[in-house]
Structures are given as C-alpha cells and as structure tokens.
Amino acid sequence: MIRVGINGYGTIGRRVANAVQLQRDMKVVGIVKTRPDYVARVASSRFSIFVPDESYLKAFDDAGIKVKGVLSDLIRMSDVVVDATPEGQGKKNTPMYRTAGVKAVFQGGEEAGVADVSFNAYSCFDSAVGKSSARVVSCNTTGLARSLHALHSEFGVEHVDGTIIRRATDPNDHKKGPINALEPSLKIPSHHAPDLRTVLPVDIDTVAIKAPTTLMHIHVLNVTLKKEVQQSDVISAFSSRRRIMLVDGKDGVSSTAQVMDLARELGRDRSDMYELVIWRDAVRVSGRRVSYIQAVHQESDVVPENVDAIRALMGSMERDASIDATDSSLNIGGMKIYG
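Counting from 427, one number per residue, gives the positions in the sequence shown under the numbering used here.
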C-alpha cells in the first residue's frame, strides 16, 4: 500500500486526494491546509489534517478543527508527497522532500527543473519509473499531450500550430480576471509549446489568449502529419484513448457550458471532466493536414496523471496497468458516447 501525503488542498489537491482514496494500492495519510476554512471543515471528516508548521495550530484549534501534525510529520509518514501548493511554493518545498528521502509529485505551475522528469502517462510514463520526483505538466499541456500523442504514435507529427483560449480563473475564485477583456499572451510561442516538448518531442508553436470564463480552456489545433490520412483514421486514433472523449455539436454539445453539463449528467464527482473533449464533427482532414478543436477541464484533467505519476515513481505498476487501474477507479472512458 503506497502511503500518499497531499501538501496543498486547493483545486488540484482536493481532487487528487479523492482519486488516491479510490485506488486499491494507495491510501491518503493526510492533507496539508493553511486556513481553517469551510474546505478544511469538510475535509476533516474524511482526512487527517496537517498544517505547515506549529504557528498555524492555534487558528485551527480556535476553529475547532482537529490537527494531527505538521508538514514534517506528514512527510515522515508518506512514501510519496503530492505537492499541490501554489505556483512557486513547490520549489521551496523541494529541500524538505529530498532531506526526508520521500518521493514527490509536483504540478505544472512549477518550472520543469523542479523535478527529475516532467510527466504524462501516455507519452512518458516509463521515464519516471523509479525517479525521486516528477512534475505533472499543466492542464493545457496535458490536453495537448493526449491528443497529439495519439496522432504522433499512429502517424507521426511534423508540425503543430495551436491557439489556446484560456479560462481566466477557476469557478471558486472571485478575485482574478479579466472580466471584460481578452488578454493575449504577448510572448510567442506561449509557454505551452516548450512545456509540451518536455513530455512529447514534437515541433509546435502556440499562442494563448485569456478569456473571461471559468469553465474550461479551448484549443484550436492545426497539425501537419508525416503521412496522409483520412478523417476516419484520425477519429479512430482519438477513440482508442479512454482519456479522450468525442462529442458532437449536433447533439447539443456546442460550447464548454454543455461539456460541463455533460459531466454533471455523467454523475461525476464535483462535475469533473477528466477526459480531453474533442468535437468529432469539427475534425477536418486534407492529406497530411488535420484540424480539430478540443476542450480542457482545467480543474481535473491532471488528476489521473497524478495518480499514475505516483505509481511510476514507486515502480509499482507498468504503464498500461496503471492507466487501466486509474481509469477504472474514476470511470474514465466507461461512458464513451462515440467511438
């Protein structure tokens, strides 16, 4: 049984904690919270609560929330720590993990150098096996890796041009924006292109635009393959991956609003859409050129990757066995609508 500590219980941390609890070969030792808020109160009924250090104890005690220990205690009790702390904090935490000899899974907000390897289950699981640390690439990069790896492994990818329409912030965040603007990234390519190359060696250029929405990201991808294909070939490649869900606009799934409503109809925990969503009726093929549109649920698409990263670091399962176990536990691919 792999003992997992969750350092950080925000958007990603809380979802990874729930996913780990569903695995037959893992257990959550505890979670780290910094504030005795409503999230901590709910979590305390399911998980042992830890705090960063002793200076946080009084606030939790005053709030009536029982604390089991501090972060250093959790680290000593864990085989792997999933670091889901705010961007940049993971790098600061690295010395603690190394000193304690505990393995660590970092998130995509950290620079690639924070870990031994960057991680995506489909494209580079084996490179993380037995390593001390891995960084699960960002939600956008995970989405890019899923669809492009499907194409690259089947047909070979020569070049990709991608436009990324990013959500402004997460649904529970009332402070960030923009509210009434489209905010382009003035750095071209955007950081997504070099980030993708840490897990999938393809030639790619990306531009990114932040939009006033909280639901999902949208990617518009134009791919040049190394050989000519038919539309049916591309659809088949996408359909072969459980972590890709095909939808059709003609069925009413014409925006990210309907995609998230579909997640609710599927009965998903927190209405999460772990799969990358691709509009089947928007896939266009002409010789070696393939164009398609995909949607990324930024709150949850990296969750299964975190679970697989834990197994890779521990060397406890081979790639396909881990993906199968994770997908089964989260019902990923169990409700494919098409394909």
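Glycine is no exception: its CB is placed at the ideal position from the N, C-alpha and C atoms.
Host beta strand (DSSP E) of K529 (start-end) | 529 to 532
Review point. On the three-state DSSP scale, how would you describe P610?
Key: strand
Alpha carbons only, please: which of A751, Y718, V722, V660 is nearest the one belonging to S579?
V660
request  = Just grab the DSSP bridge partners of L647 for me.
outcome  = L647 pairs with G588, Y718.
What residues in its chain sit with their C-beta under 6 angstroms from that of T682, if we drop five residues either side in the sequence?
-> Around T682: L641, M642, A721.
- Task: With DSSP as the reference, label A526 as helix, strand or coil.
- Result: Correct three-state label for A526: helix.
Please identify the residue among P462, S470, A747, R461 whose C-alpha is closest to the C-alpha of N444. S470
- Task: Grab the span of the beta strand (DSSP E) containing G431 for me, first residue to last.
- Result: 428 to 433
Short Cβ contact (8 angstroms threshold) for V454 with V465:
no
query: Which first and last residues belong to the alpha helix (DSSP H) in which G439 is found?
result: Residues 437 to 447.
- Find the nearest neighbour of D587 within the set N566, N546, K613, H645, judged by alpha-carbon distance. H645
- [ ] Using the DSSP secondary-structure output, state which residues sit across from D509 in a beta bridge.
- [x] N433
Q. Terminal residues of the continuous beta strand (DSSP E) containing F545?
A. 543 to 545
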